[in-house]
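Those protein sequence lines, which keep their order, are chains A and B. For what it's worth, our numbering labels the leading residue of the first sequence as 110, then goes sequentially. For what it's worth, our numbering labels the leading residue of the second sequence as 5, then goes sequentially. The beta carbon of each residue, even a glycine, is placed where N, CA and C say it ideally should be. Treat the numbers as computed from the prediction; the structure is a model and nothing was measured. Report on the following structure.
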Amino acid sequence: MKRKLRRVLRGAAFTALLLCVLAGVTRLVERKASRTRMTPFLRDAAQFDVLFIGDSHVVNDVLPMELWRDYGIASYNIASYGNTMAVSYWAMMNALDYATPKLMVIGTMDVEQNYKLSGSSSDVHTALDAFPLTLTKARAIEDLMNGYAVDDDGRYYADMKGEYYFTLGKYHSRWSELTPNDFHPAFTSAKGGELAVGVATPRDYELIDEGLLMGEDTVGFDYLRRMIEECQRRGIDVLLTNLPYPATETQQMASNAVYYVAQDYGVDYLDFVYLDQVVDYRCDMYDSYSHLNASGAQKVTDYLGRYLRDHYDLPDRHEDAAYLEQWNADYAEYLQMKHDVLLRAWRNLNSTLMLLHDADYSACVVLAGDSPLYADERAMRLLQNIGRSHIFEEDGASAWSDALEPLGALFDAAADGLPYIALIDRGGERMRIADRAGAGEASIEASFGRLAFTAQGGALRIAVDGEEMLTEMQLGDQRALVLALDSATGEVVEALGF
Amino acid sequence: MSLFALTGYGLCCAAVYHLFPKKLRYLVLLAASYGFYAANGLAGLPFILATTAATYLAALRIGAIAASLKGRLQGEGAQLTREEKRRLRAQAKSRQRAWLIAALALCFGLLAVLKYADDVLGWFGGSPLGLVLPLGISFYTFQSTGYLIDVYNGKYPPERHPLRYALFVSFFPQLIQGPIGRYDQLSEQLSQPHDFDWDGSERGVLLILWGLFKKMVIADRALPLVEQVFSAPMGAYGGAAALVAVLFYAVQQYTDFSGGIDLVAGIAELFGIRLAPNFKRPYFSVSLGDFWRRWHISLGSWMRDYVFYPFALTRPVTALSKAVKRVSAPLARALPAVLGNLLVFLLVGVWHGATANYIAWGLYNGVLLAISAALEPAYKAWNAKHARLSASKGFYVARVLRTFVIVNIGWFFDRCARAGDALRMMASVVTDFRPAQLAGGALLEMGVSAVDLRVLAVAVAALFAVSVLQERGVVLRDWVVRRPMLVRWFVLIGGVVCVLLLGVWGSGFNEAAFLYYQF
Chain A
110 MKRKLRRVLR GAAFTALLLC VLAGVTRLVE RKASRTRMTP FLRDAAQFDV
160 LFIGDSHVVN DVLPMELWRD YGIASYNIAS YGNTMAVSYW AMMNALDYAT
210 PKLMVIGTMD VEQNYKLSGS SSDVHTALDA FPLTLTKARA IEDLMNGYAV
260 DDDGRYYADM KGEYYFTLGK YHSRWSELTP NDFHPAFTSA KGGELAVGVA
310 TPRDYELIDE GLLMGEDTVG FDYLRRMIEE CQRRGIDVLL TNLPYPATET
360 QQMASNAVYY VAQDYGVDYL DFVYLDQVVD YRCDMYDSYS HLNASGAQKV
410 TDYLGRYLRD HYDLPDRHED AAYLEQWNAD YAEYLQMKHD VLLRAWRNLN
460 STLMLLHDAD YSACVVLAGD SPLYADERAM RLLQNIGRSH IFEEDGASAW
510 SDALEPLGAL FDAAADGLPY IALIDRGGER MRIADRAGAG EASIEASFGR
560 LAFTAQGGAL RIAVDGEEML TEMQLGDQRA LVLALDSATG EVVEALGF
Chain B
5 MSLFALTGYG LCCAAVYHLF PKKLRYLVLL AASYGFYAAN GLAGLPFILA
55 TTAATYLAAL RIGAIAASLK GRLQGEGAQL TREEKRRLRA QAKSRQRAWL
105 IAALALCFGL LAVLKYADDV LGWFGGSPLG LVLPLGISFY TFQSTGYLID
155 VYNGKYPPER HPLRYALFVS FFPQLIQGPI GRYDQLSEQL SQPHDFDWDG
205 SERGVLLILW GLFKKMVIAD RALPLVEQVF SAPMGAYGGA AALVAVLFYA
255 VQQYTDFSGG IDLVAGIAEL FGIRLAPNFK RPYFSVSLGD FWRRWHISLG
305 SWMRDYVFYP FALTRPVTAL SKAVKRVSAP LARALPAVLG NLLVFLLVGV
355 WHGATANYIA WGLYNGVLLA ISAALEPAYK AWNAKHARLS ASKGFYVARV
405 LRTFVIVNIG WFFDRCARAG DALRMMASVV TDFRPAQLAG GALLEMGVSA
455 VDLRVLAVAV AALFAVSVLQ ERGVVLRDWV VRRPMLVRWF VLIGGVVCVL
505 LLGVWGSGFN EAAFLYYQF
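Following this line, the structure appears as structure tokens:
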């Protein structure tokens with residue numbers, strides 16, 4: 110008996126050790142996309158009052174850390190690239206095993222799709238891999254992969270179930286391409302939001318009559334209803350949202366139909382496609398047909414934040430000591446990421462200008478009188494975009510701030526070929542814009558001190574309260590200087606000559 | 005069934021086996037075997053049942069006739085004349101032969117129809133029937149007919165217990181690609197209950213891992229290059245690529261087949277059952293005959309016992325040998341072996357497929373072995389004359405290399421779809437060989453990546469090192485099992501991790517079936 114027991118214990122110990130090693134190896138070689146996005150969520154799942162779910166539009170357009178900064182809303186963006194409504198449903202179901210949010214914001218762009226899975230099996234991995242293997246996850250895999258869906262390589266998802274249960278089946282050959290990040294993975298500091306950097310020309314589109322509806326019901330609508338019902342069953346408020354993009358007629362007809370779904374269930378629906386003053390597609394598109402860049406995301410997030418604050422009973426966690434320290438630390442990390450990964454990494458004029466539409470940055474822009482940017486329509490628009498902000502009307506509609514082109518002196522400088530200096534100062538209670546045309550020297554009062562510019566030949570000198578910050582800054586081919594300043598401290602984050 | 009599913013199935017069945025009362029354990033094995041068979045396709049079940057029933061009943065009848073004769077000779081022996089006894093024996097043998105032939109005709113008839121019907125129809129322009137070859141039909145046909153012939157020859161009495169016999173025919177690890185078991189070596193092991201043995205199980209798991217390593221890390225990584233080059237239109241690659249491809253095929257073929265055998269032998273060891281060895285480091289062979297005694301040993305010995313010797317001892321061959329003796333006594337002595345080898349390898353070629361390339365491959369081996377048999381006296385004389393040289397290491401290595409080259413020439417016929425293609429590829433190795441054909445990353449455009457090549461190089465080096473140790477009599481598994489527990493666990497877990505990380509598997513890869521699967 111004793112011998113038998115020893116054998117059993119020995120077998121159990123060996124099995125446990127083997128499983129531990131396999132779990133470690135699996136964790137090491139797996140693609141980190143899913144875990145990078147979802148580990149902070151799983152770690153702090155109980156904290157989130159709002160969850161955002163949907164596809165890449167939601168990932169790129171909604172920035173939870175900005176909601177925290179401006180509205181004290183504790184939220185997480187659990188959306189994932191390429192999610193169909195079915196995958197979103199199951200990602201939400203898995204997330205609800207851990208979180209008990211007060212509000213679920215559901216991106217509805219994919220309701221027109223009449224299938225459960227897209228062709229990118231990697232996207233499905235990104236959506237599901239980080240969730241521990243539970244009954245809910247097993248149900249997700251079985252439900253999603255029970256048909257004849259194939260991925261882009263023509264493989265049946267039904268044949269790939271195993272690799273969704275045990276990801277080693279998918280990633281075991283990654284051992285030859287491991288990087289330091291695989292050993293010490295960096296998790297998102299943005300609570301699931303991802304800022305896209307780039308400025309694209311939007312495709313042409315026309316708004317159709319709101320009464321035109323998609324005729325057929327789709328798999329997407331089916332899962333949308335299931336999501337609403339599940340949330341309502343759990344007592345979670347639901348907000349449906351169609352984030353802004355130049356939608357085709359079919360897409361608009363589908364999003365029009367969502368209005369009636371919302372009405373059926375008595376939930377709110379924000380269709381940004383018709384809220385056409387929230388973003389400016391000419392500045393805010395990352396690609397030409399769908400995704401917003403960081404500037405667009407800032408605007409949408411700002412709009413959503415106000416809407417959530419005004420329409421839902423969400424606590425302002427700025428007043429909650431249990432949140433304050435950790436979330437502020439997370440925010441500092443997020444801000445550092447914006448400095449390092451975005452601003453400092455993108456040495457491209459348009460991207461830099463686009464990124465400066467951000468409440469965390471004050472900006473100084475200096476253009477020489479012969480700057481070719483005066484003739485560059487997009488650059489001129491992006492310059493104006495830095496200083497734009499919303500005003501919100503009581504009925505929920507939005508309009509642009511007092512000027513679509515707040516840098517008034519820019520046109521004078523352009524018309525006369527004069528030097529131009531602007532300060533967009535977000536350090537105070539309200540954003541303050543001061544710009545000058547024709548000055549070789551200028552002195553502007555900013556929230557962080559008096560900013561003095563001196564232009565001599567092609568070089569610039571800048572001082573704050575008499576203390577020189579930059580000397581002999583050289584202008585490049587574009588004859589332009591862009592300074593990004595931390596709006597809270599006035600410190601120069603990045604100074605770029607173009 | 006995938007490799008992991010097979011391994012998992014084996015492990016689960018082994019666990020259940022050891023949990024059951026000893027008396028019922030063979031029934032667990034039988035249920036596991038038929039469960040395995042059914043899981044691979046219910047359509048195959050009637051065929052294995054038919055073969056099992058036919059050979060079981062025929063053996064019983066053959067045994068009964070023998071027993072009846074024996075009883076009669078014992079009871080009435082004193083009253084019978086010598087002539088009457090001879091007549092009775094002849095009658096009994098004739099009846100036994102009738103049962104034997106009937107059962108063999110049924111078993112080999114099924115095999116032939118299922119395996120060759122479409123090929124034969126194709127020769128005459130007919131539409132293929134699309135018959136699905138049942139899993140392991142060749143292996144269980146050879147195994148059960150071997151048993152029947154042994155009973156006919158009086159080697160042992162027939163098995164009376166139908167379930168024990170059914171287990172002998174259907175034992176699931178050997179169904180995939182052999183080895184072809186012998187009743188007198190296997191049946192007792194299958195029927196007797198085995199106690200759980202931790203060391204034995206560890207040995208089994210080590211063998212499983214080694215088999216998986218060979219199959220997944222080496223064979224399946226080499227496969228894409230082999231497929232790409234051998235499937236390309238003639239002339240698409242030069243002679244250097246053809247040479248590399250056949251060397252890759254030599255490695256792939258060996259590691260695929262022997263890896264699969266190691267896997268199933270390891271699974272069998274989890275039940276305490278030792279299967280017959282099927283490979284003994286064949287690329288260390290010093291002659292082609294030696295190679296075939298080390299490669300697919302169970303098929304070779306089956307062919308030797310049930311084809312070669314019976315054929316060599318037939319009256320026509322004996323008569324021919326006597327006739328040749330008048331011209332040349334040494335040739336007369338070698339003649340049965342010459343003809344026997346030709347027949348055996350012709351059959352082996354046809355068994356691989358009813359196409360010209362396989363027949364050419366079989367005849368290539370048969371002819372070489374026939375020549376070798378005919379020249380054997382001359383070899384012996386030469387070796388005796390140059391005893392020092394022939395005992396030297398250099399001579400040994402030269403013989404190994406020579407045999408390797410001879411075997412690889414045969415692999416061209418085995419792997420090319422047409423015999424003519426094989427000849428053209430071989431010719432290109434001689435007439436169009438330029439190392440530059442492999443330079444500048446050309447190798448990486450043949451279906452393998454740089455990582456594949458690196459892994460293959462290391463894995464083949466490991467295989468070679470282990471093989472050298474095995475040639476020297478070192479049994480690595482025994483060495484590992486004698487180490488302290490933590491070392492053993494390190495080896496086992498390391499082996500699992502190695503196979504999982506380096507192996508070709510998962511839905512993103514084309515996990516290849518065993519080459520001899522469904523033969």
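7 Å Cβ cutoff met for L590 (chain A) and L451 (chain A): Counting from 1 along the first sequence, the entry for residue 590 (chain A) is found at position 481. Counting from 1 along the first sequence, the entry for residue 451 (chain A) is found at position 342. Result no, Cβ atoms of L590 (chain A) and L451 (chain A) do not sit closer than 7 Å.
Cβ-Cβ distance between V233 (chain B) and Q256 (chain B) below 7 Å: Reading the second sequence from its first residue, position 229 is the one you call residue 233 (chain B). Reading the second sequence from its first residue, position 252 is the one you call residue 256 (chain B). Not in contact: V233 (chain B) and Q256 (chain B) (Cβ atoms no closer than 7 Å).
Where A244 (chain B) falls, given that 16 or more other Cβ within 10 Å makes a residue buried: As a first step, residue 244 (chain B) must be located in the second sequence, where it is residue number 240. Buried, because 16 or more other Cβ atoms sit within 10 Å of the Cβ of A244 (chain B).
CB contact flag (A539 (chain A), G181 (chain A), <7 Å): Locating residue 539 (chain A) in the first sequence gives position 430, where the first residue counts as 1. Locating residue 181 (chain A) in the first sequence gives position 72, where the first residue counts as 1. In the sequence on display, residue 539 (chain A) carries Arg and not Ala. Contact: no.
Min CB distance L172 (chain A) to chain B below 7 Å: The sequence position of residue 172 (chain A) within the first sequence is 63, counting from 1. No, no contact with chain B.
For C473 (chain A): DSSP bridge partner residues: Indexing the first sequence from 1 puts residue 473 (chain A) at position 364. In the DSSP output, where bridge partners are listed per residue, C473 (chain A) has A:L532 and A:L592.
Bridge partners - M213 (chain A), DSSP secondary structure assignment: Here residue 213 (chain A) refers to the residue found at position 104 of the first sequence. Note: M213 (chain A) sits in a beta bridge opposite A:L160 and A:V347.
Any chain B beta carbon closer than 7 Å to E608 (chain A): Residue 608 (chain A) lies beyond the range of chain A shown here (110 to 607); nothing can be said about it.
C-alpha gap between S231 (chain A) and G304 (chain B), whole angstroms: Position 122 of the first sequence, counting from 1, holds the residue named residue 231 (chain A). Position 300 of the second sequence, counting from 1, holds the residue named residue 304 (chain B). Near 48 Å, if we compare the C-alpha coordinates of G304 (chain B) and S231 (chain A).
Test: A269 (chain A) CB closer than 7 Å to a CB of chain B: Counting from one through the first sequence, the residue named residue 269 (chain A) turns up at place 160. A small fix is needed here, since residue 269 (chain A) is Met in this sequence, not Ala. A Cβ of chain B is located within less than 7 Å of the beta carbon of M269 (chain A).
Enclosing beta strand (DSSP E) for E88 (chain B) [first to last residue]: Your numbering for residue 88 (chain B) matches position 84 in the second sequence. Run containing E88 (chain B): none in the beta strand (DSSP E); it sits in the alpha helix (DSSP H), R86 to W127.
Same chain, Cβ closer than 7 Å to P228 (chain B), five either side skipped, listed in chain order: Numbered from 1 along the second sequence, position 224 holds the residue referred to as residue 228 (chain B). Once the five neighbours on either side are set aside, the close Cβ partners of P228 (chain B) are G451 and V452.
Separation of D203 (chain B) from K218 (chain B), as counted between CA atoms: By one-based count along the second sequence, residue 218 (chain B) stands at place 214. By one-based count along the second sequence, residue 203 (chain B) stands at place 199. Straight-line Cα distance between these residues: approximately 23 Å.
Chain-ordered residues of the segment 427 to 438 of chain A with a beta carbon less than 7 Å from chain B: none
Below-7 Å beta-carbon distance, I212 (chain B) vs any chain A residue: Here residue 212 (chain B) corresponds to residue number 208 of the second sequence, with the count starting at 1. Closer than 7 Å: no.
Start-to-end residues for the alpha helix (DSSP H) that takes in E475 (chain B): Within the second sequence, residue 475 (chain B) is the residue found at index 471, counting from 1. In this chain, the alpha helix (DSSP H) harbouring E475 (chain B) covers A454 to E475.
Chain-ordered neighbours of V117 (chain A) on chain B, where CB pairs are closer than 9 Å: Translated into the one-based positions of the first sequence, residue 117 (chain A) becomes position 8. The contacting residues do not exist; V117 (chain A) stays about 11 Å from chain B at best.
Coarse secondary structure for V20 (chain B), derived from DSSP in three states: As a working note, residue 20 (chain B) is residue 16 in the second sequence. Note: V20 (chain B) maps to helix in three-state DSSP.
Meets three-Cβ-pair contact criterion under 8 Å: the segment 26 to 36 of chain B and the segment 108 to 117 of chain B: no
Below-7 Å beta-carbon distance, V455 (chain B) vs any chain A residue: Your numbering for residue 455 (chain B) matches position 451 in the second sequence. Chain A, which has a Cβ nearer than 7 Å to the Cβ of V455 (chain B), makes this yes.
Residues from the segment 120 to 140 of chain A in contact with chain B, defined by Cβ distance under 8 Å: F123, L126, L127, V130, L131, V134 and V138
Proximal chain A residues relative to W493 (chain B), where beta-carbon distance stays under 8 Å: By one-based count along the second sequence, residue 493 (chain B) stands at place 489. Those within 8 Å of W493 (chain B) in chain A are F123 and L126.
Where F562 (chain A) falls: helix, strand or coil (DSSP): Within the first sequence, numbered from 1, the residue matching residue 562 (chain A) stands at position 453. Three-state DSSP puts F562 (chain A) in a strand.
Contacting residues, own chain, Cβ-Cβ under 6 Å from A154 (chain A) (five flanking each side not counted): Taking the first residue of the first sequence as 1, we reach residue 154 (chain A) at position 45. Closer than 6 Å at the Cβ level, and outside the excluded window around A154 (chain A), lie Y207 and A208.
Distance between L560 (chain A) and F150 (chain A) (C-alpha atoms, nearest Å): Indexing the first sequence from 1 puts residue 150 (chain A) at position 41. Indexing the first sequence from 1 puts residue 560 (chain A) at position 451. Distance between the alpha carbons of F150 (chain A) and L560 (chain A): 42 Å.
Same chain, Cβ closer than 8 Å to V328 (chain A), five either side skipped, listed in chain order: Residue 328 (chain A) sits at position 219 when you count from the first residue of the first sequence. Closer than 8 Å at Cβ, skipping near neighbours: T193, M194, A195, Q222, N223, Y224 and K225.
Rounded distance between the beta-carbons of S262 (chain B) and F283 (chain B), thought under 8 Å: As a first step, residue 283 (chain B) is located in the second sequence; it is residue number 279 there, counting from the start. As a first step, residue 262 (chain B) is located in the second sequence; it is residue number 258 there, counting from the start. At roughly 4 Å, the Cβ-Cβ gap stays under 8 Å, so F283 (chain B) and S262 (chain B) are in contact.
Closest by C-alpha distance to Y160 (chain B), when choosing among B:P138, B:A170, B:P177 and B:Y187: What you label residue 160 (chain B) is simply residue 156 of the second sequence in a count that begins at 1. Among B:P138, B:A170, B:P177 and B:Y187, the Cα nearest to that of Y160 (chain B) is on B:Y187.
Any 3 or more C-beta pairs closer than 8 Å across the segment 239 to 249 of chain A and the segment 398 to 416 of chain A: no
Terminal residues of the alpha helix (DSSP H) in which I410 (chain B) lies: Working through the second sequence from its first residue, we reach residue 410 (chain B) at position 406. Where I410 (chain B) is concerned, the enclosing alpha helix (DSSP H) stretches over K397 to R419.
Neighbour flag for G510 (chain B) against chain A, beta carbons, 7 Å: In the second sequence, counting from the first residue as 1, residue 510 (chain B) sits at position 506. Yes, G510 (chain B) lies at the interface with chain A (some Cβ there is under 7 Å from its Cβ).
Close-in-space but distant-in-sequence residues of the same chain around A518 (chain A) (CB under 7 Å, 5 per side omitted): For the purposes of this step, residue 518 (chain A) is taken as residue 409 along the first sequence, with counting starting at 1. Cβ neighbours of A518 (chain A) beyond the five flanking positions: Y529, D544, R545 and A546.
V220 (chain A) and F330 (chain A) closer than 7 Å at C-beta: As a working note, residue 220 (chain A) is residue 111 in the first sequence. As a working note, residue 330 (chain A) is residue 221 in the first sequence. Contact flag set, yes.
Chain A contact residues for L448 (chain B), given Cβ-Cβ distances below 9 Å: As a first step, residue 448 (chain B) must be located in the second sequence, where it is residue number 444. What L448 (chain B) touches in chain A: nothing, since even the nearest Cβ is about 14 Å away.
Three-state class that DSSP yields for V367 (chain A) in the structure shown: Locating residue 367 (chain A) in the first sequence gives position 258, where the first residue counts as 1. Here V367 (chain A) sits in helix by DSSP.
Cβ neighbour criterion (16 or more within 10 Å) applied to T11 (chain B): The residue given as residue 11 (chain B) occupies position 7 in the second sequence. The residue in question, T11 (chain B), is buried, as its Cβ has 16 or more Cβ neighbours within 10 Å.
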